[in-house]
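Notes to accompany the following structure.
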Amino acid sequence: MIEKTYLSAGRSAPLRIRVNGRETELDVPPSKRLLHVLRDDLGLTGTKRSCEIGRCGACMVLVDGEPVNSCLAMAYQCQSKSVTTIEGLSEDGMTLVQQCFLDEGGYQCGYCTPGMIVSVTALLANDPSPADTDIQEALSGNLCRCTGYGGILRAVKKAIELKREQTG
Amino acid sequence: MAYPHGELLRSPSVWQPVSAEEAWRLKREIGTGASFVAGGTLLRTQWEAGLAPYPAHMIDLTGVAELSGCGPVDEEDGGWRIGAITTLAQCRSHAGLFAAYPLIMEAARTIAAPAVRNLATIGGNALSRTGDMATALLALDSELLWQNDAGTVLEPLSDWLDRERAGLSGAPGLLIAILLPAACRMPITPNARRRCAFHKVGRREAFIPPVVNVALNVELDGDGAVADIRISAGGGTMIPARLAAAEALVRGRLPDAALLEELHAVVMGEYAPMPDPLVGEDYRRMTAANLAAAALWQASGAGGRGPGEGEKPCC
Numbered sequence: 002m003i004e005k006t007y008l009s010a011g012r013s014a015p016l017r018i019r020v021n022g023r024e025t026e027l028d029v030p031p032s033k034r035l036l037h038v039l040r041d042d043l044g045l046t047g048t049k050r051s052c053e054i055g056r057c058g059a060c061m062v063l064v065d066g067e068p069v070n071s072c073l074a075m076a077y078q079c080q081s082k083s084v085t086t087i088e089g090l091s092e093d094g095m096t097l098v099q100q101c102f103l104d105e106g107g108y109q110c111g112y113c114t115p116g117m118i119v120s121v122t123a124l125l126a127n128d129p130s131p132a133d134t135d136i137q138e139a140l141s142g143n144l145c146r147c148t149g150y151g152g153i154l155r156a157v158k159k160a161i162e163l164k165r166e167q168t169g
Numbered sequence: 580m581a582y583p584h585g586e587l588l589r590s591p592s593v594w595q596p597v598s599a600e601e602a603w604r605l606k607r608e609i610g611t612g613a614s615f616v617a618g619g620t621l622l623r624t625q626w627e628a629g630l631a632p633y634p635a636h637m638i639d640l641t642g643v644a645e646l647s648g649c650g651p652v653d654e655e656d657g658g659w660r661i662g663a664i665t666t667l668a669q670c671r672s673h674a675g676l677f678a679a680y681p682l683i684m685e686a687a688r689t690i691a692a693p694a695v696r697n698l699a700t701i702g703g704n705a706l707s708r709t710g711d712m713a714t715a716l717l718a719l720d721s722e723l724l725w726q727n728d729a730g731t732v733l734e735p736l737s738d739w740l741d742r743e744r745a746g747l748s749g750a751p752g753l754l755i756a757i758l759l760p761a762a763c764r765m766p767i768t769p770n771a772r773r774r775c776a777f778h779k780v781g782r783r784e785a786f787i788p789p790v791v792n793v794a795l796n797v798e799l800d801g802d803g804a805v806a807d808i809r810i811s812a813g814g815g816t817m818i819p820a821r822l823a824a825a826e827a828l829v830r831g832r833l834p835d836a837a838l839l840e841e842l843h844a845v846v847m848g849e850y851a852p853m854p855d856p857l858v859g860e861d862y863r864r865m866t867a868a869n870l871a872a873a874a875l876w877q878a879s880g881a882g883g884r885g886p887g888e889g890e891k892p893c894c
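The listed protein sequences derive, respectively, from chains A and B. At position 168 of the first sequence the residue is numbered 169 (our numbering), and the sequence of numbers has no breaks. At position 130 of the second sequence the residue is numbered 709 (our numbering), and the sequence of numbers has no breaks.
What follows is the structure in structure tokens.
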């Protein structure tokens, strides 16, 4: 006998996720993109919608601490997981990475910036002293259509430097 | 609230089997309206482009125990088993896998971008046929373990790709795992004479499908001559293939400048890309030949970058 975990729209099991530290239960279709759950159901519009096929990185969030394109992740894939959005990163005030983007002009129109900040935050959490090639790889899925990569790379390097000074 | 792609209206059912046998049975019972989904990253691009129908039923593979795990089959055998839903991020960062089969990591690091690799799986990329993983796995003599009506079936990756090339398309079941033979494993000794290289050229530097890719796995004898070699190549819509004539040419010979020139000429003739309106065939033959010659030159140590040297850890 086959048992369905979820039934079709309108009768789906609730999605339980922790978003920015808060346990959340939502009645959404299991295949709904995490991007739309965050923006439309939770009002967290800092996560940007753009390509919707995982190419541009504007919708980047952390899922259990690792960067994931929220346009690719479906609700059921996030069941019982912990999601951190750009809003969640700065709940205690601006982060060092954000400050460095501001100081170094690591943005122009700003649309890609939340995704960039999330990717850089994940990179530095895993490796506080990444090589240039590591930085390029970590940001290879984040596109800036204003082509402002120079400022972005300066911001990342400054964040690495300041973090190193902070930790002695 | 309006949903841009009508997600609410066409939301599929999601099934969550816990065994490969159950997953396969679900697919058989539901039929063509069902799609196996692991990371779903490639499927998403196919759904959005209209290349594959948005399924009415998704069979989620992430809870299927046999499909996960990555490690030695057993201590005596020396070969490795990589579960089909092992993510490309895990392939990129798994220290033990890198030490044993660095080609896997070299290919994984060129596929998509880190966040996509956190969802995308090695099984999904290999079965796409035209990604980078199939080329790397071919140079490692990999085998595929399928679940189907007969139970579990093991077959060489090259056999499955040959059938695909012949137009006998379709996976013969649910991919459970990829098996890597002990014969292609890197020796544990530091003066290892087995070397590998993976090279890719795309239309951009990163996050791009291959226009041409080449994987090479070579063992040199005590004199530096080629004792054992596997070279595979793919790119575009071509199904990756071993370059048998190129392998036969270099076997038993010293990889010196003269041999590299001969190898270049043979690969130019042997590499057979599919038609591509944007990238000329001559360019791709030349690129494959350049990459193969460079890979052998580098792997032979002439390029000064053995394991642990230079920027790339493996090649």
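Even for Gly, the Cβ is constructed at its ideal location relative to N, Cα and C. These figures come from a predicted structure and were not determined experimentally.
Remark: C-beta atoms of Ser51 of chain A and Val62 of chain A do not approach each other more closely than 8 Å. Around Thr714 of chain B, the same chain offers Asn792, Ala794, Ser811, Gly813, Pro819 as residues with beta carbons nearer than 6 Å, after the five sequence neighbours per side are excluded. Three or more Cβ pairs drawn from the region 672-686 of chain B and the region 710-726 of chain B lie within less than 8 Å of each other, which places the two stretches in contact.
Proximity of chain A to Leu698 of chain B at the Cβ level (cut-off 7 Å) is accounted for by Val69, Leu73, Ala74, in chain order. Here DSSP, grouped into helix, strand and coil, assigns Asp656 of chain B to coil. Every alpha helix (DSSP H) of 4 residues or more that sits fully in the region 589-650 of chain B is shown, in chain order, as 599-609, 620-628. Between the alpha carbons of Val846 of chain B and Met765 of chain B lies a gap of roughly 26 Å.
Identification of residues in the region 24-46 of chain A having a C-beta nearer than 9 Å to some C-beta of chain B yields Val29, Pro30, Pro31, Ser32, Lys33, Arg34, His37, Asp41, Asp42, given in sequence order. Unbroken beta strand (DSSP E) stretches of 3 residues or longer found wholly inside the region 5-73 of chain A: 16-20, 23-27, 61-64, 67-70, given in chain order.
With a cutoff of 8 Å on beta-carbon distance, Gly702 of chain B and Ile664 of chain B are scored as near each other. Contact between the region 632-651 of chain B and the region 595-612 of chain B is present: 3 or more CB-CB pairs across the two stretches fall below 8 Å. Looking at the DSSP output, Ile690 of chain B bridges to nothing. Here Glu798 of chain B is buried: its Cβ has 16 or more other Cβ atoms, across all protein chains shown, within 10 Å. A Cβ-Cβ separation of about 6 Å places Phe786 of chain B in contact with Gly142 of chain A under the 8 Å criterion.
Looking at the DSSP output, Val732 of chain B sits in a beta bridge with B:Trp725. Around the Cβ of Val780 of chain B, a 10 Å sphere holds 16 or more other Cβ atoms; the residue is buried. C-alpha of Glu654 of chain B to C-alpha of Gly648 of chain B: approximately 16 Å in a straight line. Contact between the region 115-127 of chain A and the region 78-96 of chain A is present: three or more C-beta pairs spanning the two stretches fall below 8 Å. The C-beta of Gly675 of chain B has fewer than 16 other C-beta atoms within 10 Å across all chains shown, which makes the residue exposed.
Listed in chain order, the non-local C-beta contacts of Asp807 of chain B below 6 Å within the same chain comprise Glu798, local neighbours out to five positions each way being set aside. Pairing Val20 of chain A with Ala76 of chain A gives a Cβ-Cβ distance that is not under 8 Å. The bridge partners DSSP lists for Glu798 of chain B are B:Arg773, B:Asp807. Against Gly55 of chain A, the close residues of chain B are Thr620, Arg623, Val695, in the order they occur along the chain (beta-carbon pairs closer than 7 Å). Taking 8 Å as the cut-off, the beta carbon of Val64 of chain A is found no closer than this to the beta carbon of Lys49 of chain A.
The Cβ atoms of Asp855 of chain B and Gly815 of chain B lie closer than 8 Å to each other. Two segments are said to touch when three or more pairs of C-beta atoms, one from each, lie closer than 8 Å; by this definition the region 746-765 of chain B touches the region 725-737 of chain B. For Arg165 of chain A, there are no CB contacts under 6 Å within the same chain when 5 residues up- and downstream are skipped. Counted as a single uninterrupted DSSP element, the stretch harbouring Arg708 of chain B is not any beta strand (DSSP E), since DSSP gives it neither H nor E. For Ala705 of chain B, same chain residues with a beta-carbon under 7 Å away, outside a window of 5 residues either side, are Met712, Ala713, Leu716, Ile757 in chain order. One Cα belongs to Thr620 of chain B, the other to Arg832 of chain B, and the distance between them is close to 43 Å. Arg821 of chain B: member of the beta strand (DSSP E) spanning 817-821, first to last residue. DSSP, reduced to helix, strand and coil, places Lys82 of chain A outside both helices and strands of the structure shown, so it counts as coil.
Beta-bridge annotation (DSSP): His778 of chain B is paired with B:Val793. Taking C-alpha positions only, Ile54 of chain A is separated from Pro632 of chain B by approximately 16 Å. The C-beta distance from Leu97 of chain A to Leu163 of chain A rounds to 6 Å, short enough to meet the 8 Å contact threshold. Its Cα nearest to that of Lys606 of chain B, the residue B:Ala635 stands out among B:Glu627, B:Asn796, B:Ala635.
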